[in-house]
Ligand SMILES: NC(=O)c1ccc[n+]([C@@H]2O[C@H](COP(=O)([O-])OP(=O)(O)OC[C@H]3O[C@@H](n4cnc5c(N)ncnc54)[C@H](OP(=O)(O)O)[C@@H]3O)[C@@H](O)[C@H]2O)c1
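In this note's numbering, the protein residues as written are 204 to 410.
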C-alpha cells in the first residue's frame with residue numbers, strides 16, 4: 204500500500220520505518236521540506252522517500268499525520284479528500300496553545316477540517332518507544348500489544364486495523380470519532396501497554 208506520513212518526529216519516523224519494514228511504500232514529510240529528511244531516508248532504507256506535505260498527501264492511499272495538534276489547520280484538505288486519514292496527534296494545551304474544541308473530540312475537529320477525508324484516530328495512545336520495540340508480527344493477534352483506533356467509517360477502520368496488524372500490533376476499536384476521547388490523554392486507556400482482552404475490558408468499563 205502507498206502510505207503518506209506527515210510529521211517525521213518520534214511517532215512519524217517510527218511509523219514510517221515500521222510500515223516500510225512491513226513491505227509498504229512510504230512518502231514522509233515534515234514542516235521544513237524534503238531536503239531535511241535525507242538522513243532519515245538513508246537510515247530507514249528501501250521503501251521510504253522524502254516528500255513535501257502535499258506530495259505525501261497525494262501519494263498515500265492512507266495518509267497519517269503525526270504533528271503537534273495545534274498545527275492541524277495546516278493539513279491540506281483538498282489533497283486529503285477521499286483518503287483514509289490517520290490522526291495520531293494529541294492535544295496538549297501547554298504545547299499546542301488553547302484550541303477551542305466546542306465540546307468535540309480532537310479527531311472531530313480534524314474531521315471538520317478535512318471534510319472529504321475518512322478520518323481514523325490511531326497510534327496516538329502508544330508511546331513511540333513501545334511502537335518501535337514491541338511489534339510482534341509472528342505472534343497471534345490476541346497475544347500482541349494493543350494499538351487503539353476509532354472512527355466513523357467502517358472500511359477505513361478496517362484498512363487501518365490491517366496496517367496495525369502488519370506491523371505486529373493488535374487493533375482494538377474504541378468506537379466513533381466522538382468516542383475517541385476514550386483514547387485521548389486523561390483517559391485510563393491512554394498510553395497503557397495492554398493485550399486486547401484487557402483493553403476491551405477496560406473500554407467496556409468506561410460505558
Ligand atoms: N512521542 C510519542 O510517543 C507520541 C505517541 C503518540 C502520539 N504522539 C503525538 O503525535 C504528534 C507528534 O509527536 P512526536 O513526538 O512525533 O513529535 P515531534 O518528534 O516533535 O515531531 C513532530 C513532527 O511534526 C512536524 N511538523 C510540525 N508542524 C508541522 C506542519 N504544520 N506540517 C508538517 N509537519 C509538521 C515536525 O516537522 P519539523 O521536524 O520539520 O519541525 C516534526 O517532524 C503529537 O501530536 C503527539 O502528541 C506522540
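The C-beta atom is built at its ideal place from N, Cα and C for all residues, glycine as well. All of these numbers come straight from a predicted model, not from anything done at the bench.
- Message: Runs of 4 residues minimum, wholly inside the stretch 244 to 327: which ones carry the alpha helix (DSSP H) assignment?
- Response: 256 to 262, 280 to 283, 296 to 299 and 309 to 316
- Task: Alpha carbon to alpha carbon, how far is residue 274 from residue 370? Give it in angstroms, no decimals.
- Result: 27 Å
- Message: Once DSSP output is grouped into helix, strand and coil, what is the label at residue 340?
- Response: coil
- residue 285 classed as buried or exposed, judged by whether at least 16 other C-beta atoms fall within 10 angstroms: exposed
- Message: Does the distance between the C-beta of residue 337 and the nearest non-hydrogen atom of ligand 1 fall short of 8 Å?
- Response: no
- DSSP-derived helix/strand/coil call for residue 369: helix
- Ordered along the chain, which non-local residues of its own chain (more than five positions away) have a Cβ less than 7 Å from that of residue 251? 219, 223, 229, 231 and 244
- Task: Please classify residue 380: does DSSP put it in a helix, a strand, or coil?
- Result: coil
- Same chain only: Cβ atoms within 8 Å of residue 330, ignoring 5 sequence neighbours per side: 394
- Message: Measuring straight from C-alpha to C-alpha, what distance separates residue 368 and residue 341?
- Response: 10 Å
- Helix, strand or coil at residue 391 [DSSP, three-state]: coil
- Message: Buried or exposed, going by whether 16 or more other CB atoms sit within 10 Å of the CB of residue 268?
- Response: buried
- Message: Once DSSP output is grouped into helix, strand and coil, what is the label at residue 235?
- Response: coil
- Message: Assuming contact is defined by CB atoms lying nearer than 9 Å, are residue 413 and residue 382 in contact in what I supplied?
- Response: There is no way to answer for residue 413, as the model of the chain reaches only from 204 to 410.
- Item | Helix, strand or coil at residue 364 [DSSP, three-state] | helix
- Query: Cβ-heavy atom distance between residue 252 and ligand 1 below 8 Å?
  - Reply: no
- Query: How about the stretch 336 to 351 and the stretch 314 to 321: do they share at least three Cβ pairs that are nearer than 8 Å?
  - Reply: no
- Residues near residue 409 in its chain [Cβ-Cβ closer than 6 Å; skip 5 each side]: 385
- Closest to residue 263 by CA distance: which of 289, 248 and 325 is it? 289
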